[in-house]
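K.L.:
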Amino acid sequence: MVTSALRIHAGPRALALLRERGLRAQDVRAVPAAAGGAKGIVLNPLDRFIFGHWLADAPQHIHLLGASIGAWRMAAACAQQAGGADAALAELADDYITQSYAHEPGRMPTAATVSRAFGEKIEQRLGQRAAELLSHPRFRLHVFTSRGRHVLARQGRVRTPAGYLGAMVANAAHRRALGMFLDRVVFADPREALPFELADFRTHHATLTATNLAPAILASCSIPFWLNAVHDIPGGPPGAYWDGGITDYHLHLNYAGMGEAAVPGWPGGPSLVIYPHFQPHIVPGWMDKPWKRRHRASPMLDNLVVLSPSPEWVARLPNAKLPDRNDFKTYGDDEARRVRDWRVAVTESQRLADEFAQAVTGGAPVHALPLP
Numbered sequence: 006m007v008t009s010a011l012r013i014h015a016g017p018r019a020l021a022l023l024r025e026r027g028l029r030a031q032d033v034r035a036v037p038a039a040a041g042g043a044k045g046i047v048l049n050p051l052d053r054f055i056f057g058h059w060l061a062d063a064p065q066h067i068h069l070l071g072a073s074i075g076a077w078r079m080a081a082a083c084a085q086q087a088g089g090a091d092a093a094l095a096e097l098a099d100d101y102i103t104q105s106y107a108h109e110p111g112r113m114p115t116a117a118t119v120s121r122a123f124g125e126k127i128e129q130r131l132g133q134r135a136a137e138l139l140s141h142p143r144f145r146l147h148v149f150t151s152r153g154r155h156v157l158a159r160q161g162r163v164r165t166p167a168g169y170l171g172a173m174v175a176n177a178a179h180r181r182a183l184g185m186f187l188d189r190v191v192f193a194d195p196r197e198a199l200p201f202e203l204a205d206f207r208t209h210h211a212t213l214t215a216t217n218l219a220p221a222i223l224a225s226c227s228i229p230f231w232l233n234a235v236h237d238i239p240g241g242p243p244g245a246y247w248d249g250g251i252t253d254y255h256l257h258l259n260y261a262g263m264g265e266a267a268v269p270g271w272p273g274g275p276s277l278v279i280y281p282h283f284q285p286h287i288v289p290g291w292m293d294k295p296w297k298r299r300h301r302a303s304p305m306l307d308n309l310v311v312l313s314p315s316p317e318w319v320a321r322l323p324n325a326k327l328p329d330r331n332d333f334k335t336y337g338d339d340e341a342r343r344v345r346d347w348r349v350a351v352t353e354s355q356r357l358a359d360e361f362a363q364a365v366t367g368g369a370p371v372h373a374l375p376l377p
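Counted the way my numbering counts, the sequence shown spans residues 6 to 377.
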């Protein structure tokens, strides 16, 4: 028996539309991309199909929102030259799989070492192409970062651990209380604002430019203690910036607030949000992972369509799981084995792209499940 690799879940408004007339590229107004480190590489063939083919000829403006690895994915999706999005996303997967950092045998590399190497790669792949990526005629890129406040305003040997301990305690009480320690800074496309409000959490908006694209994406990927903070990004409020997934792990945002009225670059329509994701649940912030009640769908997700791998398919991958950051510790110095297993996972995930392509071809109704 062949097990489906892809599961499609949707909010109530999107679900009704999919069951009525399927999913059309011209109905998509936004694409979020979650934090989650290595988990995101299994979405690579799906990303390549969506941006390199399915959305390539859609006429409307589409907002691309990314945190952490998701910010890198969405920036690569804006590539126009040298093979476009398809080639840039394939390159991203290879870069992520083969990443390697100098370290003493049996020990993890230092945060400074990882930040330096990671920053050089982002500058090479994205910073040097910033003008190209930010001039895409239809895609509008928005990079989500987390900026420290008070004790976390600067990185320090004592203040950073103390600050994150306080942040975890505050977040356990209430997600908004996390705002005492961190706020959200969105480096946004200057040509067009996000089509919905970010009123759920303390937020600053900064203009995304060719100068700050690379540091903003590096900051969005800077996992505390694994990488160093990026300080004082040009064009943004001063402070220490860390992984965008801390405040916006899966970007649980007010997508339903977009409405369906005609706006510049959008003729009016269903205003769907298509979300390639590694799981069906949308977790607001990284520190919300233990709090299952915060994982439930909300009315803000009514027009969201989530594309995620089925548990049965995941069980057939190496180690019966998605690749993740802990693999660096699990495999230790056996980098060749980690690279091999991660490549197998990406190769197998071509099925996600193939099944999605089949689902959206011909305008037939799409079988989808309600968001959990």
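Beta carbons are placed, not taken as given, at the ideal position from N, Cα and C, and that holds for glycine.
Hey, would you say residue 148 sits closer than 8 Å to residue 232, going by beta carbons?
P.N.:
No, these two residues do not count as a Cβ contact at 8 Å.
K.L.:
How many angstroms separate the CA atom of residue 316 from the CA atom of residue 373?
P.N.:
Distance between the alpha carbons of residue 316 and residue 373 is about 16 Å.
K.L.:
Assign residue 133 to one of two classes, buried (16 or more other C-beta atoms within 10 Å of its C-beta) or exposed (fewer than that).
P.N.:
Counting Cβ neighbours within 10 Å, residue 133 comes out exposed, since fewer than 16 surround it.
K.L.:
Spatial neighbours of residue 260 within its chain, please: CB distance less than 7 Å, with the 5 preceding and 5 following residues excluded, ordered by chain position.
P.N.:
Within the same chain, residue 260 has close Cβ partners 35, 201, 278, 305, 306, 308 and 309.
K.L.:
I need the DSSP call for residue 330, collapsed to helix, strand or coil.
P.N.:
Three-state result, residue 330: coil.
K.L.:
Thinking residue 39 and residue 282 are a contact (beta carbons under 8 Å), I'd like their distance in whole angstroms, please.
P.N.:
Right, the Cβ-Cβ distance comes to about 6 Å (below 8 Å), so this counts as a contact.
K.L.:
Can you confirm whether the segment 63-75 touches the segment 161-181 when touching is taken to mean that 3 or more C-beta pairs between the two stretches lie within less than 8 Å?
P.N.:
Because the criterion of three Cβ pairs below 8 Å is not met, the segment 161-181 and the segment 63-75 do not touch.
K.L.:
Whole-angstrom Cβ separation of residue 190 and residue 239, contact assumed at under 8 Å?
P.N.:
Wrong, their Cβ atoms sit about 12 Å apart, outside the cutoff.
K.L.:
Compare the beta carbon distance of residue 57 and residue 91 with 8 Å and say whether it is the shorter of the two.
P.N.:
In contact: residue 57 and residue 91 (Cβ atoms closer than 8 Å).
K.L.:
Could you pull out every residue in the same chain whose Cβ sits closer than 8 Å to the Cβ of residue 344, ignoring the five residues on either side in sequence?
P.N.:
Once the five neighbours on either side are set aside, the close Cβ partners of residue 344 are 102 and 103.
K.L.:
Should residue 108 go down as buried or exposed, given a rule of 16 or more other Cβ atoms within 10 Å for buried?
P.N.:
Residue 108 comes out exposed.
K.L.:
Which stretch, first to last residue, makes up the alpha helix (DSSP H) that contains residue 89?
P.N.:
Run containing residue 89: 89-102, per the alpha helix (DSSP H) assignment.
K.L.:
Over what stretch of residues does the alpha helix (DSSP H) that includes residue 71 continue unbroken?
P.N.:
Where residue 71 is concerned, there is no enclosing alpha helix (DSSP H), although the beta strand (DSSP E) it sits in stretches over 67-72.
K.L.:
Is it buried or exposed for residue 230, if we count other Cβ within 10 angstroms and need 16 for buried?
P.N.:
The residue is exposed, with fewer than 16 neighbouring Cβ atoms inside 10 Å.
K.L.:
Would the beta-carbon of residue 219 fall within 8 Å of that of residue 287?
P.N.:
Result no, Cβ atoms of residue 219 and residue 287 do not sit closer than 8 Å.
K.L.:
Can you give the Cα-Cα distance for residue 6 and residue 24, rounded to whole angstroms?
P.N.:
At residue 6 the pLDDT is 47, less than 50, meaning the model places this residue with poor confidence and gives no usable figure here.
K.L.:
Compute the Euclidean distance between the alpha carbons of residue 213 and residue 84, then round it to the nearest angstrom.
P.N.:
The straight-line gap from Cα to Cα measures roughly 16 Å.
K.L.:
Helix or strand or just coil, what does DSSP make of residue 8?
P.N.:
DSSP places residue 8 in coil when its eight states are reduced to three.
K.L.:
Flag this pair as yes or no: are the beta carbons of residue 361 and residue 51 separated by less than 8 Å?
P.N.:
Contact: yes.
K.L.:
Expressed to the nearest angstrom, what Euclidean distance is found between the alpha-carbon atoms of residue 89 and residue 16?
P.N.:
Near 31 Å, if we compare the C-alpha coordinates of residue 16 and residue 89.
K.L.:
For residue 155, count neighbouring C-beta atoms within 10 Å of its own C-beta (all shown protein chains included) and say buried if the count is 16 or more, exposed if not.
P.N.:
Exposed, because fewer than 16 other Cβ atoms sit within 10 Å of the Cβ of residue 155.
K.L.:
Return the CA-CA distance between residue 300 and residue 169, expressed in angstroms with no decimal places.
P.N.:
Looking at the two C-alpha atoms, the distance is approximately 22 Å.
K.L.:
Any idea what DSSP makes of residue 306, helix, strand or coil?
P.N.:
Helix.
K.L.:
How big is the Cα-Cα spacing for residue 152 and residue 368?
P.N.:
Going from the Cα of residue 152 to the Cα of residue 368 covers about 43 Å.
K.L.:
Over what stretch of residues does the beta strand (DSSP E) that includes residue 380 continue unbroken?
P.N.:
Past the edges of the chain, shown from 6 to 377, lies residue 380, and the structure says nothing about it.
K.L.:
Alpha carbon to alpha carbon, how far is residue 184 from residue 207?
P.N.:
Taking the straight line from one Cα to the other gives about 6 Å.
K.L.:
Would you list the residues sitting across from residue 151 in a DSSP beta bridge?
P.N.:
In DSSP, residue 151 forms a bridge with 189 and 247.
K.L.:
Which whole runs of the beta strand (DSSP E) in the segment 193-220 are 3 residues long or more, in chain order?
P.N.:
Listed in chain order, they are 208-212.
K.L.:
Per DSSP, what kind of secondary structure is residue 283 in: helix, strand or coil?
P.N.:
Here residue 283 sits in coil by DSSP.
K.L.:
Can you look up residue 14 in the DSSP assignment and give me helix, strand or coil?
P.N.:
Looking at residue 14 - three-state DSSP - the assignment turns out to be strand.
K.L.:
Taking the alpha-carbon positions, what's the residue 359 to residue 295 distance?
P.N.:
The alpha-carbon atoms of residue 359 and residue 295 are separated by roughly 33 Å.
K.L.:
Tell me where the alpha helix (DSSP H) around residue 173 begins and ends.
P.N.:
Unbroken alpha helix (DSSP H) run through residue 173: 164-178.
K.L.:
Look up residue 365 in the DSSP assignment and give the residues it is bridged to.
P.N.:
BP columns for residue 365 are empty, so no partner.
K.L.:
Report the three-state DSSP secondary structure of residue 322 (helix, strand or coil).
P.N.:
Of the three classes helix, strand and coil, the one that applies to residue 322 here is coil, per DSSP.
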